[in-house]
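Following: one structure in structure tokens, then a few remarks.
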Amino acid sequence: MSASDRKPRLAVLTPRFPLPLNKGDRLRIFHQLEVLHQHFEVDLHCLTFRQIPSEDLKAIKGRCSKVTVHKLKWWKAAVRL
619 MSASDRKPRL AVLTPRFPLP LNKGDRLRIF HQLEVLHQHF EVDLHCLTFR QIPSEDLKAI
679 KGRCSKVTVH KLKWWKAAVR L
């Protein structure tokens, strides 16, 4: 594959992991990733307080070239308030 055939890379930073699809902000991110994946190689960076199930990671990796989950500690976030 030549350089001209490749899709451009796009980094997407989200304040939440897109799955499970149980809230509006997650639905919006999920559908945006589906559209962006058609035109870009998407590198997804998510912030989260919880452990992400492996099946959710697999589902998102089908839409992104790279997925990085930045796990936050809830107590550090609370101290910053």
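619 is the number of the first residue of the sequence shown in the numbering used here; add one for each residue after it. Every residue gets a Cβ at the ideal spot worked out from N, C-alpha and C, and that includes glycine.
Where V685 and H663 are concerned, what is the direct C-alpha to C-alpha distance, given to the nearest angstrom? Looking at the two C-alpha atoms, the distance is approximately 6 Å.
Is it true that the CB of I678 sits closer than 8 Å to the CB of P636? The answer is yes: Cβ separation under 8 Å.
Using the three-state DSSP reduction, which class does D623 fall into: helix, strand or coil? Correct three-state label for D623: coil.
For H688, which residues in the same chain have their Cβ closer than 6 Å to its Cβ, ignoring the five residues on either side in sequence? If we look at H688 and ignore the five residues flanking it on each side, its Cβ neighbours are L665.
Nearest CA to the CA of E673: which residue from L654, H657, P638 and G642? Here the closest residue by C-alpha is P638.
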